[in-house]
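2 protein chains.
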Amino acid sequence: MVSDSSSKRLTIYDLARLAETSPSTVSAVLNGTWQRRRISKKLASKILSLAQSEGYSANMQARALRRERSGIIGMILPLYDNRYFSSIAQHFESEARRRGLFAIVSCTNRDPKQECEAARMMLAYRVECLVCTGATDPDTIAQMCAESGVQSINLDLPGSKAPSVISNNREGARQLTHAILNRLTEEKRSDDPVLFIGGRDEDHNTRERIAGFKQAREEVGLATAEENILPCDYAADKAQAALETYLRNRSTLPSAMFVNSTISLEGIVRGLQLNGYYLDDIIFGCFDWDPLAAAFHPRLMMVRQNVIEMIDRVFELIDTPPRDPQLLIEVQPEIMGV
Amino acid sequence: MVSDSSSKRLTIYDLARLAETSPSTVSAVLNGTWQRRRISKKLASKILSLAQSEGYSANMQARALRRERSGIIGMILPLYDNRYFSSIAQHFESEARRRGLFAIVSCTNRDPKQECEAARMMLAYRVECLVCTGATDPDTIAQMCAESGVQSINLDLPGSKAPSVISNNREGARQLTHAILNRLTEEKRSDDPVLFIGGRDEDHNTRERIAGFKQAREEVGLATAEENILPCDYAADKAQAALETYLRNRSTLPSAMFVNSTISLEGIVRGLQLNGYYLDDIIFGCFDWDPLAAAFHPRLMMVRQNVIEMIDRVFELIDTPPRDPQLLIEVQPEIMGV
DNA sequence: CGAGCATGCACAATCGGTTGTGCATAGCGT
DNA sequence: ACGCTATGCACAACCGATTGTGCATGCTCG
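Chains A and B, in that order, give the protein sequences. In terms of the UniProt record's numbering, the first sequence opens at residue 1 and continues consecutively. In terms of the UniProt record's numbering, the second sequence opens at residue 1 and continues consecutively.
What follows is the structure, encoded as structure tokens:
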């Protein structure tokens, strides 16, 4: 290992000098096209072992520039702070790696401005494709990508200008609601009200989940009072406040709750603890999955979105871009703890 | 917006043609050096508005190649799946952004091979600095970076070949243990055994935490039996199995437990629930922080590592690289729920 | 023995910016 | 009118890889 005194990194020109050959030959050997270019096996292995021993590493910027392909695939993500988004990032990364792509992920804090800024950076780094996860404004980003000739795909929340892969929120919510109602029936409390809490009214997923919730109740002959639907935003504090307001107006605790995310669940649980309620009495269904929470509460059922399949679908769309930009793929989530 | 028919992206050469000037002038204007290069304000604003209206975006690969600076800063991370690592990634990203750097983060699943592979990729993309978080083998990576002339910094777990920023694990554990012991005293159970469980014997942080645990007990005159120290690995299953084995050999549950991470806590809680124990009787101290878990258990105290300060320290080291490669910076964590 | 082909490699253009340098022209002072 | 500086910009050489093309040399075959 000859650590170059200049501390500059080795290039194919340096290797060419060392191997007494030309840069183009070195390049051909190092990127595997040497057979096609009729480089002798002898010279090839000489160059390869030299590259190895000198610790050569190709300059990806130069390669990307010349090839007009960066080898980078981008994702924007609201946050990392729950298992759902974390595992999305993780699977995206490993799947990208498997395909020889380098994944870069940017958190945008559910802020449309940051989303745009991140998308702009990714486009500047010439990502070959951009996956837009849970974006507040996916269409703007799809538009930006289209103008740069870059493919984009929406994940988790659908858009209208690029194909989307999302969970089947309505069906997941329907099944979760049925699971809740079944528990209530087992406990002879089938007529008790169930509170739907958390999420945003404007957001596609919340609307679908509310629809699934109502549908399930209807299927067992129950009407749903609007006062029991509280899309108070996802944030823990908002959920906690909404719950406390709700409780102030009535004498009894609901026997069961459909909570729209783990972050909302955090506020709910905190609020109940602070107000001295006994948690284990309540049946929880949470449209989200967290194994630690599941371990804590014996009657907490959770919806685990099928992240692996969602990411698979995303890459299928990347491999064979659909004609229809409005294509919507729904993936079935799984109900845990039933 | 003239969407180029060729669908190729605009370059400074295109802009130069449109503005009837030279590429070098366009470049100077777009990267802000035009005053120094005595370009007239008039021409500058013409080029700027043209770039704006045509949606020009500089090719970062080309820029990086010429400038010999990628503008990229890298981080390798074991996982995203807990709040600690997630927030590390998030703060790293936003701090990098604030400094005009583009952050790329790779998950390596605590696998030394993946760590090396990720580091190699990052070096190939010519990161200007690599932050190595919770690496199983930080020194190998530090070595790779050094050979490429790239600065590297260890985070969370220390190494000997690059400066490190970690939590003060011993002091955090000492304080957490005191908090546990105080609770026990309040409840007149101060002589009950406390179980330390989770983590890896070989890992620096676990060793320090065990030391802090023992020290705190010693400070109140308690000896620590080795049978009550179970560094059974972090994984939930391992922790659950270790706990079940432990319980099989004695008649009573420990009144309190020091659990070495939320992932271990998951296994512990699950094991206790499955075996019919009443969780709320137990005092938990967990060297990790998860607000949802904290909401669930009224007697769960948690150590929240000061991620913001740790990331700040990392960037200070990047700004002014220390002479001593063995420099170790310890950041005080906070005890939550006392 | 010479045409023709295969073999093995080097040359040089190129990707899109950046930056040192040089060359006109204008303005100014004497 | 002449020299001098300041102004405003263009030229061209890079950065490090990729790739179309071309040129020797050696070998085969009629």
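All C-beta atoms, glycine included, are put in the ideal place defined by N, C-alpha and C.
Subject >> Whole alpha helix (DSSP H) elements within the region 49-129 of chain B, 4-residue minimum >> reply: 60-67, 83-98, 112-124
Original post:
Just reading off the alpha helix (DSSP H) that residue 182 (chain A) is part of, what are its end residues?
Top reply: 169-186
Subject >> Interface positions of the region 264-289 of chain A facing chain B (Cβ-Cβ less than 7 Å), listed along the chain >> reply: 265, 266, 269, 270, 273
Original post:
How many angstroms separate the CA atom of residue 182 (chain B) from the CA atom of residue 190 (chain B)?
Top reply: 8 Å
Subject >> CB of residue 102 (chain B) within 8 Å of CB of residue 71 (chain B), strictly >> reply: yes
Original post:
What in chain A is Cβ-close to residue 58 (chain B), meaning under 9 Å?
Top reply: 124
Original post:
My guess is that residue 335 (chain B) and residue 303 (chain B) are in contact by the Cβ rule of under 8 Å, so how many angstroms apart are they, rounded?
Top reply: 6 Å
Original post:
Less than 8 Å separating the beta-carbons of residue 230 (chain B) and residue 282 (chain B)?
Top reply: no
Original post:
Should the region 319-326 of chain A be called in touch with the region 145-163 of chain A, which here means at least 3 C-beta pairs below 8 Å?
Top reply: yes
**OP:** Select from B:193, B:235, B:106 the residue whose C-alpha is nearest the C-alpha of residue 349 (chain B).
**Re:** Limits of chain B in this structure are 1 at one end and 338 at the other, which puts residue 349 (chain B) out of reach.
**OP:** Please compile the residues from chain A whose C-beta is within a distance smaller than 8 Å of the C-beta of residue 337 (chain B).
**Re:** Simply none; closest approach about 12 Å.
**OP:** Flag this pair as yes or no: are the beta carbons of residue 47 (chain A) and residue 317 (chain A) separated by less than 8 Å?
**Re:** no
**OP:** Look at the alpha carbon of residue 288 (chain A) and the alpha carbon of residue 171 (chain A), and state the distance between them as a whole number of angstroms.
**Re:** 14 Å
Original post:
What residue from A:66, A:76, A:258, A:313 has the CA that sits closest to residue 180 (chain A)'s CA?
Top reply: A:258
Original post:
To which residues does DSSP link residue 284 (chain B) through a beta bridge?
Top reply: B:257, B:300
Subject >> Simplified DSSP assignment, three categories, for residue 249 (chain A) >> reply: coil
Original post:
How would you label residue 31 (chain B), buried or exposed, when you count the other beta carbons within 10 angstroms and need 16 or more for buried?
Top reply: exposed
Original post:
Does the distance from the CB of residue 264 (chain A) to the CB of residue 239 (chain A) come in under 8 Å?
Top reply: yes
Original post:
Beta-carbon of residue 65 (chain A) versus every beta-carbon of chain B: anything under 8 Å?
Top reply: yes
Subject >> From A:67, A:261, A:284, residue whose alpha carbon lies closest to that of residue 254 (chain A) >> reply: A:284
Original post:
Which value, in whole angstroms, describes the spacing of the CA atoms of residue 145 (chain A) and residue 110 (chain A)?
Top reply: 19 Å
**OP:** Quick one: using the 10 Å Cβ neighbour count with 16 as the cut-off for buried, is residue 35 (chain A) buried or exposed?
**Re:** exposed
Subject >> Neighbour flag for residue 83 (chain B) against chain A, beta carbons, 8 Å >> reply: yes
**OP:** For residue 9 (chain B), go through chain A and note every residue whose CB falls closer than 8 Å to its CB, in chain order.
**Re:** 148, 149
**OP:** Anything in chain A within Cβ reach of residue 90 (chain B), meaning under 9 Å, just list it in chain order.
**Re:** 79, 80, 81, 107, 109
Original post:
Between A:100, A:25, A:168, which lies nearest to residue 331 (chain A) when the distance is taken from Cα to Cα?
Top reply: A:168
Subject >> Candidates B:220, B:45, B:8, of which the one nearest residue 25 (chain B) by Cα >> reply: B:45
**OP:** For the region 114-132 of chain A and the region 74-84 of chain A, state whether three or more C-beta atom pairs, one from each stretch, are separated by less than 8 Å.
**Re:** yes
Original post:
Start and end of the beta strand (DSSP E) containing residue 406 (chain A)?
Top reply: Here chain A covers residues 1 to 338 and nothing more, so residue 406 (chain A) does not appear.
**OP:** Could you have a look at residue 215 (chain B) and say whether DSSP puts it in helix, strand or coil?
**Re:** helix
Subject >> Endpoints, the beta strand (DSSP E) within which residue 190 (chain B) is located >> reply: Looking at the DSSP string, residue 190 (chain B) is not in any beta strand (DSSP E), and its letter there is neither H nor E.
Original post:
So, is the C-beta of residue 258 (chain A) closer than 8 Å to a C-beta in chain B?
Top reply: no
**OP:** Starting from the beta carbon of residue 104 (chain B), find every residue of chain A whose beta carbon is closer than 7 Å, and list them in chain order.
**Re:** 104
Subject >> 6 Å Cβ shell around residue 13 (chain B) - same chain, five flanking residues per side excluded >> reply: 23
Subject >> Beta-bridge partners of residue 151 (chain A), as assigned by DSSP >> reply: A:129
**OP:** Closer than 8 Å by beta-carbon distance: list the chain B residues that pair up with residue 293 (chain A), in chain order.
**Re:** 292, 293, 296
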